[in-house]
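What follows is a set of notes on a single structure, which appears directly below.
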Amino acid sequence: MHHTGGPRHAATVQEPHVRPGPPVVACRAAPMEPAPTPLAAPSLSAPPRASRGLDLWPLIIVALGAWVLRALAFFHRSGAMGYPMDYDEGVYFSAASLLLRGDLPYRDFIFVHPPGGLLLWAPGAALTLGLDAATAYGITRYLAAAVGALCVFLAGRVAWRAWGPLAGCVAALAYAAYPEAAIVERGTFLEPLLNVLCLGFANLWLTSGTHSRARRIGAGVLLGLAISVKLPGGLWLIAALLSRPGKESWRHALLPVLVAFATFAVVVGPLAALAPSEFIRDVITFQAARPPDGELDRWMRLHDIFHERRWGGVLLALVGLGTACVRAFRAAPEHRPAARFFACTFVLSGVLFLASRTYWNQYNAHLAASEAVLAGLGASVLHAFSTRWGRTASRAVAALLLAAAFVPGARHVYQSAQLQAPDVVALAKHIRADVPTDACLFSFEPGWALAAGRLPSGATPIVDGYATMLQDAMSSGDRFETTDEALSADEAQQALRIMLGSCRFVVLGWRGEWQLTPQSRPWFKQRFVRRFPAGDGGGVDLWEHR
């Protein structure tokens, strides 16, 4: 489906612990009396009052707290580059950096997604033109945390406008403490971009009243960019159309849809036109025909989607989802779009993850965008019931809902921020000291080379070795039941040997051991000698051609 990195690094799935931080206090300071929301009444018919700009200050404080919660991972002695780097973020940042140097995806190297993510991460990658690549990526990690903070604000804002202040604060807190989202918002993944674009689209699409032409065009541009980052962004278009019944609404939807397709064509078209067959092979055929990878058990996927590490947000989201389903056809059409929109988005995304040939729990980061807003709806429903018990009880319930949305997930987010990769830091120091800058260096994990300030090099750079090997295996026309079987195919191993033979230095590590077959490992060790670490030390290792 989306990610291309094979088995995830152990550091990407964590079970962390934190005490409630400033974001909860900020939201408790917001007005907690029942918002004049349709959920306080028997139906979803009465819209909440329009929020003034100053009313949104609790969401701004939560967003700032979310940035700190993500950036805590970089406040260590080794800095931002001491935090473990996932395979995918290394691929995306390296690819964006090469794009700025004239090496184009599809034509010059394999890239298995539309190019929107590379273009949107290009401002961070542009820093490599004047700074060391590792320094540039360290700065970009802080920018990624800022994208996550913006997602927090947008999730809270759309819920606030639909169902009132409590719903907005709960949605913002639920997103801020969403473990999978927080982890990917510490690097140049595609999900942060996808989420911020989709939530921005939702804020424009669900605006009450008559949509101005500029607003509809803006919504279309954001949606088109989202699809150009990852094709599943198209699910938000389906949800948008399902949430706007009536002939008039469909007529108003035509302009954003056309603008979305035009934006997608403008972003994707030029690069696809330079290598049309390679674009179809990488983005369409590869994703459709690749062998299964990641978690294959559907029940385990379902457990990950509703994982207890964020039980508070999950329970509130289920209440919100149930409310949206029960009342979808009972309220007046003009007052049900938000609930119906996010219910459709959440269900469609969950079904896609269950049906996909590949799945890792990092994919859940995209679920955060819809799940957090549904949690806000669920909190609004529960709080409306509590108003009959009196003001004191109502405020206590509001505080409990805020804590439930934030505390369970925040504990895990905080613990994941304590992770470090000392072996990669040590390797980076060795490469800087002992590997000539003009020497060819191939790394099975692009992030390991990036930590040393190196980008993929060569006439035909290998940015994504994992996808390259799978493409070589699939080029034979054979179908493979597992990724391991595909990587072991003769076509994949022969291409790998050619790749390795062209470089003087190779960073092997656990990924290299996995991608080499038992037959290829002796071949490799006959031709390469281990240079780092000394002796039989573990961790990521550097080899030099004999």
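Note that our numbering numbers the sequence shown so that position 538 is 1914, with each residue one more than the last. Note that CB positions come from ideal geometry on N, CA and C, so glycine has one too.
query: Based on the DSSP secondary-structure assignment, which residues constitute the bridge partners of Pro1713?
result: In the sequence shown, residue 1713 corresponds to position 337, counting from 1. In DSSP, Pro1713 forms no bridge with anything.
query: Hey, Glu1821 and Arg1771: beta-carbon distance below 8 Å or not?
result: In the sequence shown, counting from the first residue as 1, residue 1821 sits at position 445. In the sequence shown, counting from the first residue as 1, residue 1771 sits at position 395. Not in contact: Glu1821 and Arg1771 (Cβ atoms no closer than 8 Å).
task: Inspect the CB distances between the segment 1487–1500 and the segment 1674–1690 and report whether three or more fall short of 8 Å.
output: no
message: Using a 10 Å radius around the Cβ and a threshold of 16 neighbouring Cβ atoms, would you call Cys1701 buried or exposed?
response: As a first step, residue 1701 must be located in the sequence shown, where it is residue number 325. Answer is exposed; the Cβ neighbour count stays below 16.
Terminal residues of the beta strand (DSSP E) in which Phe1881 lies: The residue labelled residue 1881 in the question sits at position 505 within the sequence shown. Segment 1881–1883, the beta strand (DSSP E) holding Phe1881.
field: Given His1628 as reference, the closest of Ala1602, Gly1645, Gly1609, Ile1593 once Cα atoms are compared
entry: Counted from its first residue, the sequence shown places residue 1628 at position 252. His1628 has its Cα closest to that of Ile1593, out of Ala1602, Gly1645, Gly1609, Ile1593.
task: Count the other CB atoms, across all protein chains shown, that sit within 10 Å of the CB of Val1916; report buried if there are 16 or more and exposed otherwise.
output: As a first step, residue 1916 must be located in the sequence shown, where it is residue number 540. Flag for Val1916 reads buried.
Spatially closest choice to Val1783 from Phe1908, Ala1745, Thr1583, Pro1555, by CA coordinates: Within the sequence shown, residue 1783 is the residue found at index 407, counting from 1. Per the Cα distances, Pro1555.
query: Where does Leu1803 fall in DSSP's three states?
result: Taking the first residue of the sequence shown as 1, we reach residue 1803 at position 427. Three-state result, Leu1803: helix.
field: Through-space distance from Arg1922 to Gln1791, alpha-carbon basis
entry: Along the sequence shown, read from residue 1 onward, the residue named residue 1791 stands at position 415. Along the sequence shown, read from residue 1 onward, the residue named residue 1922 stands at position 546. Roughly 43 Å separates the two Cα atoms.
Own chain, CB closer than 6 Å to Glu1567, minus 5 neighbours either side, in chain order: Within the sequence shown, the letter at position 191 stands for residue 1567. Within the same chain, Glu1567 has close Cβ partners Val1560, Ala1741, His1742.
message: Is it buried or exposed, Leu1630, if we count other Cβ atoms within 10 angstroms and call 16 or more buried?
response: The residue labelled residue 1630 in the question sits at position 254 within the sequence shown. Counting Cβ neighbours within 10 Å, Leu1630 comes out exposed, since fewer than 16 surround it.
field: Span of the beta strand (DSSP E) around Ser1756
entry: Within the sequence shown, numbered from 1, the residue matching residue 1756 stands at position 380. Counting along the chain, Ser1756 falls outside any beta strand (DSSP E), though it belongs to the alpha helix (DSSP H) covering 1740–1762.
task: Report the rounded CA-to-CA distance for Leu1634 versus Arg1589, giving the unit in angstroms.
output: On the sequence shown, residue 1634 is found 258 positions in, with the first residue counted as 1. On the sequence shown, residue 1589 is found 213 positions in, with the first residue counted as 1. Between Leu1634 and Arg1589, the C-alpha separation is close to 13 Å.
query: Which residue's Cα is closest to the Cα of Gly1441: Trp1824, Ala1786, Gln1869?
result: Walking along the sequence shown from the start, residue 1441 turns up at place 65. It is Ala1786 whose Cα lies nearest to the Cα of Gly1441.
- prompt: From Cys1545 to Leu1570, what distance separates their C-alpha atoms?
  reply: Within the sequence shown, the letter at position 169 stands for residue 1545. Within the sequence shown, the letter at position 194 stands for residue 1570. Looking at the two C-alpha atoms, the distance is approximately 22 Å.
task: Could you say if the segment 1759–1775 and the segment 1689–1704 meet the contact criterion of at least three C-beta pairs nearer than 8 Å?
output: no
query: In terms of alpha-carbon separation, which member of Ala1521, Leu1831, Val1659, Asp1669 lies closest to Trp1857?
result: Residue numbering aside, residue 1857 sits at position 481 when the sequence shown is read from its first letter. The sequence shown places Glu at residue 1857, rather than the Trp named in the question. Taking only the C-alpha atoms, the option nearest Glu1857 is Asp1669.
field: N- and C-terminal bounds of the alpha helix (DSSP H) containing Leu1530
entry: The sequence position of residue 1530 within the sequence shown is 154, counting from 1. Run containing Leu1530: 1509–1539, per the alpha helix (DSSP H) assignment.
task: Would you mind reading off the limits of the beta strand (DSSP E) that contains Ser1819?
output: As a first step, residue 1819 must be located in the sequence shown, where it is residue number 443. Here the beta strand (DSSP E) through Ser1819 covers 1817–1819.
- request: Pull up the distance between the alpha-carbon of Ser1427 and that of Pro1490, whole angstroms please.
  value: For the purposes of this step, residue 1427 is identified with residue 51 of the sequence shown, where counting begins at 1. For the purposes of this step, residue 1490 is identified with residue 114 of the sequence shown, where counting begins at 1. Since pLDDT at Ser1427 reaches only 48, below the 50 mark, its modelled position is unreliable, and the value read off the structure follows with that caveat. Ser1427 and Pro1490: Cα-Cα distance of roughly 37 Å.
message: According to DSSP, is Gly1670 part of a helix, a strand, or is it coil?
response: Translated into positions along the sequence shown, residue 1670 becomes position 294. Three-state DSSP puts Gly1670 in a strand.
- request: With DSSP as the reference, label Phe1904 as helix, strand or coil.
  value: Counting from 1 along the sequence shown, the entry for residue 1904 is found at position 528. Note: Phe1904 maps to strand in three-state DSSP.
message: Check for me: the beta strand (DSSP E) holding His1921 runs from which residue to which?
response: As a position in the sequence shown, residue 1921 is number 545, starting the count at 1. Element bounds for His1921: 1918–1921.
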